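Each protein sequence line maps, in turn, to chains P and Y.
So that you can map any letter, position 51 of the first sequence is 51 in my numbering, and since no number is skipped, the others follow by simple counting.
So that you can map any letter, position 14 of the second sequence is 1014 in my numbering, and since no number is skipped, the others follow by simple counting.
For each residue, glycine too, the CB sits at the ideal point set by N, CA and C.
Predicted, not measured: the structure shown is a model, and the values here were computed from it.
What follows is one structure encoded as structure tokens, with my remarks underneath.
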Amino acid sequence: MLPRELLAEAKEIVARQGAGEAAYRAATHAAYYALYHLMCDYFSLDPSKRDEASHADIMRRLDQLDIPSAKPHATKARAKYRSLWRLRRQADYFFNDPYDDTQAELAIGYADDVFNLYP
Amino acid sequence: MVMAYAALAIDEFQGSGAGQLFGPVAKALAQTDARKMSAKLAEFEAVLRQANAEGAMMLNRIRSSVSAKLNVLEKASADGLHLDIRSLGERLNAVEREDAAEIDSLLKELGPLSKQARQVSPDLAHFLKVVKEDIEAYKEAYINERRSVRARLRKMEERASRMPKDRGKIEKATKLYSEALSQAFGYAKLTKIDVQTEGDLPVYVMKIQVSPALYRDAKQLVSLERKAEEIIESKDPSLVGFLAIQYEPMTSAAT
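Encoded structure:
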């Protein structure tokens, strides 16, 4: 499966009739993991190996990105990753705080910005 | 938030567990009739072996957990986050005093038993000596862990004091993001930086209050944020993506 398909699923979840908070949280999760898998692929990391492909590892690698030689989508991911990570964390763990469609759409918008530059 | 997280590292040392680990050995000895002590020696030795094994596991767990938390603290401090490191040292002192009292009372408990044991059998007297040595060794290992934490806190404090004010990465990023976001959004109200953690990495979150109408418009937020990114990129590309952004709707009191 391609990471892009996960992002497409995130969009479908939000667009579904009657989508509510659970859908917004699930869509955010999917949007984040679409980007996470795209970055694992970019850095040739095996996502099943937590010790080499943790969320922190991706952030560190993006921080150390060599901008002149990096692909445009990776440069864009560097700008968006932490904000999307924060939304995913909010969506996945903080059930007592409200989570609305705007936050889900924001997450999708961040991921879209990266995927739009991905060939 | 990162200070609360660091305080958790110090609290890991709360209660060395010496009483819980070695207490059963002392209790078993105290409750046994002096004449039957020799016969029960093998049983006591098994309890002691278990206490030593659990103690080693406990120290390993604390070591790795505390170290992970201190890694986050060191990175945040290196990024220029202002931390009250001294208060963590004071917290550690308080914890240390409590533990010393617990271990001393345990050793005190074994004092009268040693006297009895010498009258019963040399094997039992030797066993009691081993128990005391093991407690002392555990105490020493525990002190060493705290010593290494203290050394790391001291280094952190020294490094932080050498860092010129307003020159840390966080200060620079906050200033630049504030300018860029205000320019792109026109009227965004920025609040203070929140620190979250991912593994051993601190993640800095800048909260921005925007009008309720804009807060409801994700597409517009993404588009304006893109503009802010361009401004940041043009001024200091190394800071792009350094802060996570969190939007909040501006309350009427704040507008």
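Query raised in the report: Of all the residues that make up the segment 1211-1235 of chain Y, which are near chain P by a beta-carbon distance shorter than 9 Å?
Result: Tyr1215, Arg1216, Asp1217, Ala1218, Lys1219, Leu1221, Val1222, Ser1223, Glu1225, Arg1226, Glu1229, Ile1232, Glu1233
Query raised in the report: Would you say Tyr24(P) faces chain Y, with C-beta separation under 8 Å as the test?
Result: no
Query raised in the report: If you draw a straight line from the C-alpha of Ile108(P) to the C-alpha of Val1205(Y), how long is it?
Result: 19 Å
Query raised in the report: When you compare only the Cα positions, how much space is there between Lys1207(Y) and Tyr1177(Y)?
Result: 11 Å
Query raised in the report: What is the residue span of the beta strand (DSSP E) that Leu1190(Y) lies within?
Result: 1189-1198
Query raised in the report: Where DSSP assigns a beta bridge to Lys71(P), which residues make up the other side?
Result: Per DSSP, none; premise fails for Lys71(P).
Query raised in the report: With 8 Å set as the bound, which would you pick, yes or no: does the beta-carbon of Glu105(P) sit closer than that to a beta-carbon of chain Y?
Result: yes
Query - Proximity to Glu1090(Y) [Cα-Cα], best of Glu1198(Y), Leu1153(Y), Asp1200(Y) - result: Leu1153(Y)
Query raised in the report: Identify the residues that DSSP records as bridge partners of Ala1244(Y): which are they?
Result: Val1205(Y)
Query raised in the report: Quick one, are the C-beta atoms of Gly1168(Y) and Leu62(P) less than 8 Å apart?
Result: no
Requested in this report: Determine the closest residue to Arg1086(Y) out of Phe1127(Y), Met1156(Y), Gln1220(Y), with distance taken between C-alpha atoms.
Outcome: Met1156(Y)
Requested in this report: With 8 Å as the threshold, decide whether the Cβ of Gly1168(Y) is near any Cβ in chain P.
Outcome: no
Query - Thr102(P) - containing alpha helix (DSSP H), residue span - result: 101-115
Report task. Compare the beta carbon distance of Ala1180(Y) and Ile1232(Y) with 8 Å and say whether it is the shorter of the two. Result -> yes
Query raised in the report: My guess is that Glu1145(Y) and Arg1063(Y) are in contact by the Cβ rule of under 8 Å, so how many angstroms apart are they, rounded?
Result: 6 Å
Query raised in the report: Residues in the segment 3-19 of chain P with C-beta within 7 Å of chain Y's C-beta atoms, listed in sequence order?
Result: none
Query raised in the report: Rounded to a whole number of angstroms, what is the C-alpha to C-alpha distance between Val1095(Y) and Gly20(P)?
Result: 48 Å
Query - Under the three-state DSSP convention, the category Pro1122(Y) falls into - result: helix
Report task. Could you work out which residue in Phe1127(Y), Ala1028(Y), Tyr1247(Y), Gln1119(Y) is closest to Arg1216(Y) when comparing CA atoms only? Result -> Tyr1247(Y)
Requested in this report: For Leu1128(Y), I'd like the list of residues in its chain whose CB is within less than 7 Å of its CB, leaving aside the five on either flank, ordered along the chain.
Outcome: Leu1110, Leu1113, Ser1114, Ala1117
Query - Rounded C-alpha distance that separates Ala27(P) from Glu1230(Y) - result: 27 Å
Query - Gly1023(Y) versus His55(P) - alpha carbon distance - result: 43 Å
**Report entry** Cβ pair Leu1124(Y), Met1037(Y) closer than 8 Å
**Finding:** yes
Query raised in the report: For the segment 32-63 of chain P, which residues have a beta carbon sitting closer than 9 Å to at least one beta carbon of chain Y?
Result: Ser54, His55, Ala56, Asp57, Met59, Arg60, Leu62, Asp63
Requested in this report: Can you have a look at Ala1030(Y) and say buried or exposed, based on whether 16 or more other CB atoms are within 10 angstroms of its CB?
Outcome: exposed
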